[in-house]
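Let me begin by presenting the structure, written as structure tokens, before commenting on it.
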Amino acid sequence: MPMSGPIRKMVVGATLFLAICVTAVAGYMTHGWRLDDSIYMVVITIFGVGYGEVQPVKSPELRALTIMVIIAGYGAVIYTVGGFMQMLVDGELQKALGARRMSIEIDRLDRHTIICGVGRMGSILARELASSGKPFVVIDTDERRLHAAQELGYLFINGDATDEHVLEQAGIKRAAVLATVLSEDTTNVFVAVTARGMNADLMIIARGENPKTEKKLIGCGANSVVLPTAIGAKKLAQMIIRPSAENMLEQMTSQGDMKDELGRIGLQFDELVVLDGAALVGKTISSIELRSNHGFLIVGLRKTDGTTVLNPPGETILESGDTVIVLGHTNDIPQLAERFSAKKGKITYRGVTLDT
Numbered sequence: 001m002p003m004s005g006p007i008r009k010m011v012v013g014a015t016l017f018l019a020i021c022v023t024a025v026a027g028y029m030t031h032g033w034r035l036d037d038s039i040y041m042v043v044i045t046i047f048g049v050g051y052g053e054v055q056p057v058k059s060p061e062l063r064a065l066t067i068m069v070i071i072a073g074y075g076a077v078i079y080t081v082g083g084f085m086q087m088l089v090d091g092e093l094q095k096a097l098g099a100r101r102m103s104i105e106i107d108r109l110d111r112h113t114i115i116c117g118v119g120r121m122g123s124i125l126a127r128e129l130a131s132s133g134k135p136f137v138v139i140d141t142d143e144r145r146l147h148a149a150q151e152l153g154y155l156f157i158n159g160d161a162t163d164e165h166v167l168e169q170a171g172i173k174r175a176a177v178l179a180t181v182l183s184e185d186t187t188n189v190f191v192a193v194t195a196r197g198m199n200a201d202l203m204i205i206a207r208g209e210n211p212k213t214e215k216k217l218i219g220c221g222a223n224s225v226v227l228p229t230a231i232g233a234k235k236l237a238q239m240i241i242r243p244s245a246e247n248m249l250e251q252m253t254s255q256g257d258m259k260d261e262l263g264r265i266g267l268q269f270d271e272l273v274v275l276d277g278a279a280l281v282g283k284t285i286s287s288i289e290l291r292s293n294h295g296f297l298i299v300g301l302r303k304t305d306g307t308t309v310l311n312p313p314g315e316t317i318l319e320s321g322d323t324v325i326v327l328g329h330t331n332d333i334p335q336l337a338e339r340f341s342a343k344k345g346k347i348t349y350r351g352v353t354l355d356t
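Written out as structure tokens, the structure is:
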């Protein structure tokens, strides 16, 4: 992160002051003075303490050196103090302290989400995560966007998301998810490559404007790709083809949690991960639904390679590592998870996270 004007002044002034002190000490020592006497002379000369000279300054060279030490030393001190005063006036000190506090809070994050880009899509994502209480940090270079994020109380980093140092600041090695939602597909590709190289277990979700970029993003390390244009077009098509059903789902997701809406009629969505050696392995979907006396419905299946099948055929055979998305009665699903030794998880539908 580049230094602001006042901080740069303080750094330059302190560097000059140190250089002047070292040069002055060396100058006195070249005239036969001891090291401790030279340091003492420089200190009382610059700060004008008023004590007597350590040794008589009689030669023209020593007097010229002493005059230069006074002028240059005072100049460096005034320059440094001026930078500090400007920092106080401009509020830079408060900003620096705030940045330090934020850095400490980011270092405490664990299993959090990193949002790369806080534009239109990133700001919506951040708002949804904040409303659900999920920890996250945003990365951007736009001062206006970062100011808006700060006003909302978000943790943020001013930097380039393709920079490894910036990702380290965001705690990428402790993060659970990274969402790169920048406007440029090429930048999202670079972020995905960099992030995957720094954390092999990280869930990477990337935004893509061009459908042709999807394969590149997946090949560069992204677990899944979101195409806003394609999603918007499909939604428009559903509104035209099935306006009533689409309107009902829209009301359910916009007026409240889908979990609450389904809960009113005793239903819930859930994910069940088929563990290695579980009784679900090798069974068809139809046999599982029949065995449960149709107490639930398998509405989706996510394979280990990341592909998702909606409304899978009944003859589909479950394999170890598959994730089954079910819709069933609230009391039946926990029993199902226990019966088949499946690991429970969560499902997110259109931005709404349904807890197990």
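Reading the sequence shown from the start, the letters are residues 1 to 356 in full-length UniProt numbering. Using N, Cα and C, we set each Cβ at its ideal position, and we do this for glycine too.
Query	Result
Grab me the residues of T323's own chain with a C-beta within less than 6 Å of its C-beta, minus the 5 sequence neighbours each way, in chain order.	E271, V273 and R302
According to DSSP, simplified to helix, strand and coil, what is V137?	strand
Across which residues does DSSP place M203 in a beta bridge pair?	V177
Below 7 Å between beta carbons: does that hold for V69 and A19?	no
Please name the residue, chosen from L62, L318, V166 and T180, that lies closest to R120 on a Cα-to-Cα basis.	T180
Can you look up T356 in the DSSP assignment and give me helix, strand or coil?	Confidence at T356 is low in this model, with a pLDDT of 42, below 50, so the placement of that residue is unreliable and no value is reported for it.
Give the single residue among V22, G232, S183 and I114 whose Cα lies nearest to the Cα of L155.	I114
Residue range of the beta strand (DSSP E) that N188 falls in?	That residue, N188, is in no beta strand (DSSP E); its alpha helix (DSSP H) goes D185 to M198.
Rounded to the nearest angstrom, what separates G122 and L182 at their Cα positions?	8 Å
Taking buried to mean at least 16 other C-beta atoms within 10 Å of its own C-beta, is K9 buried or exposed?	buried
E128 bridges to which residues according to DSSP?	According to DSSP, which records beta bridges pairwise, E128 is partnered with nothing at all.
Tell me whether R108 is buried or exposed, calling it buried when 16 or more other Cβ atoms sit within 10 Å of its Cβ.	exposed
Going by DSSP in three states, G314 sits in which element: helix, strand or coil?	coil
Going by beta-carbon coordinates alone, are L217 and A195 separated by less than 7 Å?	no
Under a Cβ-count criterion, where at least 16 other Cβ atoms within 10 Å of its own Cβ denotes burial, should M85 be classed as buried or exposed?	exposed
Taking DSSP as the reference, what is the three-state secondary structure of L327?	strand
Around the C-beta of residue 365, are 16 or more other C-beta atoms found within 10 angstroms, so that it is buried, or is it exposed?	The structure shown does not extend to residue 365, since the chain is modelled only from 1 to 356, so the question has no answer here.
Which residue marks the beginning of the beta strand (DSSP E) containing I157, and which one marks its end?	L155 to N158
Could you pull out every residue in the same chain whose Cβ sits closer than 6 Å to the Cβ of T80, ignoring the five residues on either side in sequence?	M10, G13 and A14
Leaving out five residues before and five after Y28 in sequence, what residues of the same chain have Cβ atoms less than 8 Å from its Cβ?	D37, S38, M41, V42, L62 and L65
Contact check, V138 vs A126 under 8 Å by CB: the rounded distance?	6 Å
On the criterion of 16 or more Cβ atoms from any shown chain inside 10 Å, does F83 qualify as buried, or is it exposed?	In the sequence under discussion, the amino acid at residue 83 is Gly, which differs from the Phe named in the question. Buried, since its Cβ has 16 or more Cβ neighbours within 10 Å.
Please state whether the Cβ-Cβ distance between G153 and I106 is less than 7 Å.	no
Distance, Cα to Cα, H165 vs I317?	45 Å
Go ahead and pull the three-state DSSP assignment for R350.	Only weak support is given to the placement of R350: the predicted model assigns it a pLDDT of 41, under 50, and the value that follows is read from those uncertain coordinates. Coil, per DSSP.
Is the distance from the Cβ of N223 to the Cβ of D185 below 7 Å?	no
Under DSSP, the alpha helix (DSSP H) around S38 begins and ends at which residues?	L35 to I46
Below 8 Å on the Cβ atoms is my guess for G321 versus T304; work out the distance and round it to an integer in Å.	4 Å
Between the beta-carbon of T162 and the beta-carbon of V191, is there less than 7 Å?	yes
Spell out the partners DSSP gives L301 in its beta bridges.	V309 and V324
So, is the C-beta of G221 closer than 7 Å to a C-beta in chain D?	Considering every chain present, this structure includes no chain D. It has just one protein chain.
Identify which residue in D142, H112 and R144 has its Cα closest to the Cα of L129.	H112
Taking the alpha-carbon of I46 as reference, which of L35, R207, C21 and V54 has the nearest alpha-carbon?	C21
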